[in-house]
Amino acid sequence: MLRRFEYTQARSVEEALALWQGSPDSRYLAGGTDLIPRARATGRAPARLVDVKAVPELDQVRALPDGGLSIGAAASVARVATAPEVRQRFPVLATCCQALGSYPLRQRATVAGNICNASPCADTAAALLDLDAVVVASGPRGVRRVSIHELFVGPGQTSLERGELVTAIELPAASAGARGQLGRLTRRQGVDIATVAVLVTVLPAGSLRHRVALLSVSPTPMRVAEAENLLDQKGPDGAAEAAAIARAACRPIDDVRGSASYRRDMVGVLLERAVHALAAERGGRGA
Amino acid sequence: MTIAIQVTVNGQLEALEVEPHESLLGMLRERLDLTGAKEGCNEGECGACVVLLDGRAVNSCLVLAVEANGRAVTTIEGLGHAGALHPLQQAFLEHSAVQCGFCSPGMIMTALGLLNENPTPSEADIRQALSGNLCRCTGYRQIIDAVQAAAAALGAAGQAGRRP
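Protein chains in written order, with our numbering: chain A, 19 to 305; chain B, -15 to 148.
Dropping the structure here:
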C-alpha cells in the first residue's frame, strides 16, 4: 500500500518550485515509473508530490538556435526515442531510450527522471554522457546549467540541490551526427536493467572523437577517458588495449545479476565488439 | 483528502473523488468495476494492467488516478463485446492466443497501443512492444501471430485501429 501523500500539480516552473518549498518532504513527479513502485515497496512516500507534467514548456523537444537539442523534463522516453530530431541527429540517445524498460513503461518514464534517479544502470545516462549533455535546473537561487559529467555523485545521488527541478536536458550541436554501438547484457531480452552495458560513440568531427560510457559497473554511470584517448589515437586497432583500460577502470560489484569479475570481463568484450561494429559500419558506408 | 477528477473511460465521462495515492488500476477495478485490467505485479514488470491513456499503452498500476484527470482511458471493456469483437480480440481467439486469460487484456491493450502508433509492425516490433507483458501459458508464439493477423485485418479494413 502506498502511504498517503499530498498530490499537487504545477502549471509553471515557478509554481512547482513554490509548491516544493511549501512542504519539507516533497518530490517532483514526472513519469512516476520509479517513484511510485519504490514508494509502494518501501512504504515511504514523500509528504507531497509536485506533478510537473502540466508545465507546458517541460513537454517540449525542440531544436536550439545553435544546432543543439533541448529535451523537456516531462517528455516521455518513448517520445524522445521516436522524435525525428533525435533519430536523425542524435540516434545514440534513441538507441538508449529504446533499451529502457518496456514499451508501456517508456510511454510514462522520462529521460529527466531516469537521470535524476541516478541509478548506476540508467540507460539514457550512457547516451547523455557520450553526447556531453547539459542538465538545466531551476531552483530557489535561479537557473543553473550542470554538465552531465558533474551530475552523478553516487547510487541514487546527484549534485542537484534540494528543491532544484530539472527543466530540460540539452544536447550540444557538436554531438549531432554522432554514431554509437550499445552492448547491453540482461538476464532476459527486454524489460530488465542492464547487468552490464557499454556504449561506444564516435563524433562526426574533431580530434577527440571517441566516447566510451559504462553502466552497472561502478557507483554511477561513467565515462572512460583513457580508453577514448587510445581509440582516438589508434582507431579500431586499439580496441583490445582500450578494453583492458576499461576493465581496469570500472568498479563493479557482485549482485543477483552477475559477479563483479563477470561484469569486468564483459566490459572488455562489449567494448571490443562495439568498436569493431562501429568500424564495420563506417567501412560499409565507404566513409 | 480526496481529489475531484473527470476522466473519460471507454468514451463515457466519469466524475470521481479519488485518493491521491490511488492508482489508475485501482480506480478502474474498485470504483468503476472494470476488472479487465489485472493486478499482477503492481510494479510495472508484468503488463497485466496495461490500458490506453490518450491512445498510448501504459501500466495503469504506475499511473495515479489523479494523473488521468482530463484524459481519456480505454480498457479492454471498451474494445468490443460478444458478437462484435475488436479485430485484436477476434485474432486472439482464432490463434488460440488465450489460455488462462489473465494476461490477455494487457496483451491486447499493449498491442493496440502499438498498432495506434505503427499500423504495420514487423514481428520484431511486436516482440519488442510485448516484451513487457508476461504470459505463463501460451509461449508467446500464438500471441505474436494474433497481433500480426489483427494488424493485417485492420489494414485491410482501412483503419489503423485508432481508438479514443
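No residue lacks a Cβ here, since even glycine has one placed at the ideal position from N, Cα and C.
In angstroms, rounded to a whole number, what distance separates the CA positions of THR58/B and HIS294/A?
46 Å
Say whether chain B places a C-beta atom closer than 8 Å to the C-beta of ALA63/A.
yes
Between the stretch 192 to 204 of chain A and the stretch 263 to 272 of chain A, can you find at least three pairs of beta-carbon atoms closer than 8 Å?
no
Tell me which residues share the same chain as THR94/B and place their Cβ nearer than 7 Å to its Cβ, disregarding the 5 neighbours each side in the sequence.
GLY31, VAL34, ALA41, ALA113, LEU114, ASN117
For LEU46/B, would you say it is in contact with chain A, using Cβ-to-Cβ distances shorter than 8 Å as the test?
yes
Measuring CA to CA, which of ASN26/B, GLY20/B, VAL50/B, LEU138/B is closest to GLU(-2)/B?
VAL50/B
GLN199/A, enclosing beta strand (DSSP E) - first and last residue
197 to 203
Around the C-beta of SER137/A, are 16 or more other C-beta atoms found within 10 angstroms, so that it is buried, or is it exposed?
buried
Quick test of the definition: if touching needs 3 or more C-beta pairs under 8 Å, does the stretch -12 to 7 of chain B touch the stretch 68 to 81 of chain B?
no
Can you grab the Cα-Cα spacing for the pair ALA62/A / ARG22/A, in whole Å?
According to the sequence as given, residue 62/A is Arg; it is not Ala. Using only the alpha carbons, I get a separation of about 9 Å.
Nearest CA to the CA of ALA261/A: which residue from LEU248/A, ILE271/A, ASP272/A, ASP273/A?
LEU248/A
Got a sec: is the Cβ-Cβ distance from ARG147/B to anything in chain A below 8 Å?
Any reading at ARG147/B needs caution, since the residue's pLDDT is 48, under 50, leaving its predicted position unreliable; the model's value is listed next. With 8 Å as the cut-off, ARG147/B does not count as an interface residue toward chain A.
For the stretch 203 to 211 of chain A against the stretch 160 to 175 of chain A, do three or more pairs of beta-carbon atoms, one drawn from each stretch, fall closer than 8 Å, so that the two count as touching?
no
Minimum C-alpha distance to PRO237/A - residue among ILE54/A, GLY90/A, ASN135/A, VAL68/A
ASN135/A
Run through the DSSP bridge pairs and tell me what ARG241/A is partnered with.
ALA231/A
Within the stretch 3 to 90 of chain B, ranges of the beta strand (DSSP E) (whole runs, at least 3 residues)
34 to 37, 40 to 43, 56 to 58
Let's see if you can read the secondary structure: which residues bound the beta strand (DSSP E) around LEU87/A?
87 to 90
Complete alpha helix (DSSP H) runs within the stretch 118 to 148 of chain A (minimum length 4 residues, chain order):
121 to 126, 129 to 134, 141 to 148
Using a Cβ-Cβ cut-off of 8 Å, state whether PRO109/A counts as contacting chain B.
no
What's the gap between the Cα of GLY301/A and the Cα of GLN175/A?
41 Å
Give the single residue among VAL(-9)/B, LEU37/B, LEU36/B whose Cα lies nearest to the Cα of ARG15/B.
VAL(-9)/B
Is the stretch 182 to 194 of chain A touching the stretch 280 to 290 of chain A, taking contact as three or more C-beta pairs under 8 Å?
no
With burial defined as no fewer than 16 other Cβ atoms inside 10 Å of the residue's Cβ, what is the status of HIS65/B: buried or exposed?
exposed
Determine the chain B residues that contact PRO55/A at a beta-carbon separation under 7 Å, and present them in chain order.
GLU27, GLY28, LEU46
Can you list the residues of chain B that GLY50/A reaches, using a CB-CB cut of under 9 Å?
LEU46, VAL47, LEU48, GLU51
Tell me which residue opens and which closes the alpha helix (DSSP H) that GLU75/A is part of.
Note, GLU75/A: premise wrong, no alpha helix (DSSP H); not H, not E.
DSSP has ILE110/B in a bridge; who is on the other side?
Per DSSP, none; premise fails for ILE110/B.
Below-8 Å beta-carbon distance, ILE(-13)/B vs any chain A residue
yes
Note down the Cα distance separating ALA96/A from TYR121/A, rounded to an integer number of angstroms.
8 Å
Consider the Cβ of VAL34/B: report whether some Cβ of chain A lies at a distance smaller than 8 Å.
yes
Inter-residue spacing [alpha-carbon to alpha-carbon] between ALA135/B and LEU99/B:
7 Å
Taking a cut of 7 Å between CB atoms, which residues from the stretch 207 to 235 of chain A lie near chain B?
GLN207, GLY208, VAL209
Let's test the definition: count the other Cβ atoms within 10 Å of the Cβ of ASP69/A and tell me whether it reaches 16, buried, or not, exposed.
buried
Rounded to whole angstroms, what's the CA-CA distance from ALA141/B to PRO103/B? Just pull it up for me.
12 Å
Please report how far the alpha carbon of ALA28/A lies from the alpha carbon of ARG291/A, in whole angstroms.
46 Å
Helix, strand or coil: how does DSSP classify THR100/A here?
helix
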